[in-house]
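In this note's numbering, the protein residues as written are 546 to 585. Report on one structure; see the data block that follows.
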């Protein structure tokens, strides 16, 4: 994704019980625009 010529909409899919308040991002991580769970 980082090499694409335009920024795509990045959506993560997971379970609500996997959500946490924050993480400690690493340099190789790509931020998500949205996260979808069974509760949202």
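For every residue, glycine included, the Cβ atom is placed at its ideal position computed from N, Cα and C. In this text the structure is predicted, and so the values were computed from the model without any measurement.
To the nearest angstrom, how far is the alpha carbon of residue i from that of residue j?
{"i": "residue 549", "j": "residue 562", "result": "31 Å"}
{"i": "residue 573", "j": "residue 546", "result": "11 Å"}
{"i": "residue 557", "j": "residue 564", "result": "11 Å"}
{"i": "residue 566", "j": "residue 578", "result": "16 Å"}
{"i": "residue 581", "j": "residue 560", "result": "8 Å"}
{"i": "residue 555", "j": "residue 576", "result": "8 Å"}
{"i": "residue 568", "j": "residue 583", "result": "21 Å"}
Starting from residue i, follow its DSSP beta bridges and name the residues at the other end.
{"i": "residue 559", "result": "Beta-bridge pairing links residue 559 to no other residue."}
{"i": "residue 606", "result": "Examination of residue 606 is not possible in this model, given that the chain is present from 546 through 585 alone."}
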